[in-house]
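Written out as structure tokens, the structure is:
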């Protein structure tokens, strides 16, 4: 078996672009030939030259994460051509707000219990548990959206992001947080390709 | 004096004539040049044009807005872009759910404690009256 064909196996990008995969190809560490769809999506949304520019602006140790996040966004855009990742962000944002409300209600209930159900700590021997309502450590600021004054999706007035962008986290790359039913949240938005 | 026809931000950026049916002009007004500059930097004009073209007319504004948002995120965070925000939101959800679980557990504990207290109290009062009888104290005049 000739080893040269496996040694010179082109990366998914060069296969897609039908060009010779040279040593030092900027794409080859991040677009293995076993994942052709990854580059196909990235190419469709961003284009090869834009990806090259983006990668060249980054130090090598950050390129893998950058490529994976681009692939994530590209796949999101392919699945939802109208909202892409922003649809997911809006969905998660609403989930956080719903949970915050639930937490506020639960905290209020807890305080009510503390005031009404425990007259004083001396009345209940052995009951020394101090009641400390849990507080949300960090409120999530909603995100600004709508470059020409349009709200996202069906939300009237949109949501406004006031805090600076959060620091990047080492991404576990969660599965795309939407499903077919999610596309129905936005009137006319999304759609399957 | 010749009248100057107003080009959209995209055509100004691309230094070309802005035709009457320009695909960009409804979504990239000339008063916001930064908007097109951002999307062009990340996606390129031709990709943006294709994505808008492939969308039904009534949804094209949302496409332009979402592309602008994502491109801004990517410019501000070239490594993680929007994916970083999604990851962060997942973390927030996890944190809030943990807090909520703790509060609910505290409520459940207090609830069970209060129930124990209610079942315990009559016994205490009974004993007190018995003790009063033993010491000779009586509420009867």
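Chains as they are written, first to last, in the working numbering: chain E, 1 to 193; chain U, 1 to 141.
Each residue gets a CB set at the ideal place from its N, CA and C atoms; glycine is no exception.
Owing to the predicted nature of the structure, the values given are computational and were not obtained by experimental measurement.
Residue-level contact to chain E via CB, residue i, 8 Å cutoff
{"i": "residue 82 of chain U", "result": "yes"}
{"i": "residue 85 of chain U", "result": "yes"}
{"i": "residue 14 of chain U", "result": "no"}
{"i": "residue 23 of chain U", "result": "no"}
{"i": "residue 42 of chain U", "result": "yes"}
{"i": "residue 20 of chain U", "result": "no"}
{"i": "residue 33 of chain U", "result": "no"}
{"i": "residue 7 of chain U", "result": "no"}
{"i": "residue 119 of chain U", "result": "no"}
Short Cβ contact (8 Å threshold) for residue i with residue j
{"i": "residue 83 of chain U", "j": "residue 28 of chain U", "result": "no"}
{"i": "residue 54 of chain E", "j": "residue 78 of chain U", "result": "yes"}
{"i": "residue 100 of chain U", "j": "residue 102 of chain E", "result": "yes"}
{"i": "residue 106 of chain E", "j": "residue 93 of chain U", "result": "no"}
{"i": "residue 81 of chain E", "j": "residue 54 of chain U", "result": "yes"}
{"i": "residue 41 of chain E", "j": "residue 74 of chain E", "result": "yes"}
{"i": "residue 96 of chain E", "j": "residue 89 of chain U", "result": "yes"}
{"i": "residue 103 of chain U", "j": "residue 58 of chain E", "result": "no"}
For residue j and residue i, believed in contact at Cβ under 8 Å, the rounded distance
{"i": "residue 195 of chain E", "j": "residue 96 of chain U", "result": "Residue 195 of chain E is absent from the model: chain E starts at 1 and stops at 193."}
{"i": "residue 38 of chain U", "j": "residue 22 of chain U", "result": "Their Cβ separation, rounded to whole angstroms, is 18 Å, which puts residue 38 of chain U and residue 22 of chain U out of contact at 8 Å."}
{"i": "residue 88 of chain E", "j": "residue 42 of chain U", "result": "Contact doesn't hold; Cβ gap of about 18 Å is too wide."}
Minimum Cβ-Cβ distance from residue i to chain U less than 8 Å
{"i": "residue 41 of chain E", "result": "no"}
{"i": "residue 159 of chain E", "result": "Its pLDDT being 41, under 50, residue 159 of chain E is placed unreliably by the model, and the measurement read from it follows with that caveat. No, residue 159 of chain E does not count as interfacial toward chain U."}
{"i": "residue 10 of chain E", "result": "no"}
{"i": "residue 73 of chain E", "result": "yes"}
{"i": "residue 106 of chain E", "result": "yes"}
{"i": "residue 17 of chain E", "result": "no"}
{"i": "residue 111 of chain E", "result": "no"}
{"i": "residue 82 of chain E", "result": "yes"}
{"i": "residue 146 of chain E", "result": "Because residue 146 of chain E sits at a pLDDT of 42, beneath the cut-off of 50, its placement in the model cannot be relied upon, and the following sentence gives the value as read from the coordinates. True, the Cβ-Cβ gap to chain U drops below 8 Å."}
{"i": "residue 120 of chain E", "result": "Its pLDDT being 42, under 50, residue 120 of chain E is placed unreliably by the model, and nothing is read from it."}
Closest Cα partner of residue i within the set the options
{"i": "residue 77 of chain E", "options": "E:95, E:45, E:102", "result": "E:45"}
{"i": "residue 70 of chain U", "options": "E:102, E:9, E:83", "result": "E:83"}
{"i": "residue 86 of chain E", "options": "U:66, U:76, U:103", "result": "U:66"}
{"i": "residue 32 of chain E", "options": "E:15, E:20, E:107, E:95", "result": "E:15"}
{"i": "residue 34 of chain U", "options": "U:110, U:105, U:10", "result": "U:10"}
{"i": "residue 50 of chain E", "options": "U:80, U:46, U:51", "result": "U:46"}
{"i": "residue 34 of chain E", "options": "E:111, E:56, E:110, E:11", "result": "E:11"}
{"i": "residue 32 of chain U", "options": "U:106, U:12, U:104, U:50", "result": "U:12"}
{"i": "residue 66 of chain E", "options": "U:81, U:24, U:88, U:72", "result": "U:81"}
{"i": "residue 25 of chain U", "options": "U:74, U:60, U:103", "result": "U:60"}
{"i": "residue 61 of chain E", "options": "E:26, E:17, E:90", "result": "E:26"}
{"i": "residue 75 of chain U", "options": "U:102, U:49, U:36, U:18", "result": "U:36"}
{"i": "residue 17 of chain E", "options": "E:47, E:29, E:23", "result": "E:47"}
{"i": "residue 49 of chain U", "options": "U:98, U:14, U:118", "result": "U:14"}
{"i": "residue 79 of chain E", "options": "E:56, E:21, E:37, E:52", "result": "E:37"}
Interface residues of chain C facing residue i [CB-CB closer than 7 Å]
{"i": "residue 66 of chain E", "result": "No chain C appears in this structure, whose protein chains are E and U."}
According to a CB-to-CB cut-off of less than 7 Å, which residues of the stretch 84-102 of chain E neighbour chain U?
Under the 7 Å Cβ criterion, the stretch 84-102 of chain E contributes 84, 85, 86, 88, 89, 92, 93, 95, 96, 99, 100, 102.
Members of the stretch 61-73 of chain U that neighbour chain E once the beta carbon cut-off is set at 8 Å:
Within the stretch 61-73 of chain U, the residues whose Cβ lies closer than 8 Å to some Cβ of chain E are 61, 62, 63, 64, 65, 66, 67, 68, 69, 70, 73, listed in chain order.
Quick one: which residues of the stretch 93-111 of chain U get their C-beta closer than 8 Å to a C-beta of chain E? List them in chain order.
So the close ones are 93, 95, 96, 97, 99, 100, 102, 103, 104, 106, 107, 109, 110, 111.
According to a CB-to-CB cut-off of less than 9 Å, which residues of the stretch 24-39 of chain E neighbour chain U?
Here the close residues number zero.
Proximal residues, the stretch 43-59 of chain E versus chain U, C-beta separation under 7 Å
For the stretch 43-59 of chain E, which is checked against every Cβ of chain U, the residues closer than 7 Å are 45, 46, 47, 50, 54, 57, 58.
Counting only Cβ-Cβ distances shorter than 7 Å, please list the residues of the stretch 46-62 of chain U near chain E, keeping chain order.
Against chain E - using a Cβ distance shorter than 7 Å - the residues of the stretch 46-62 of chain U are 47, 51, 54, 55, 58, 59, 61, 62.
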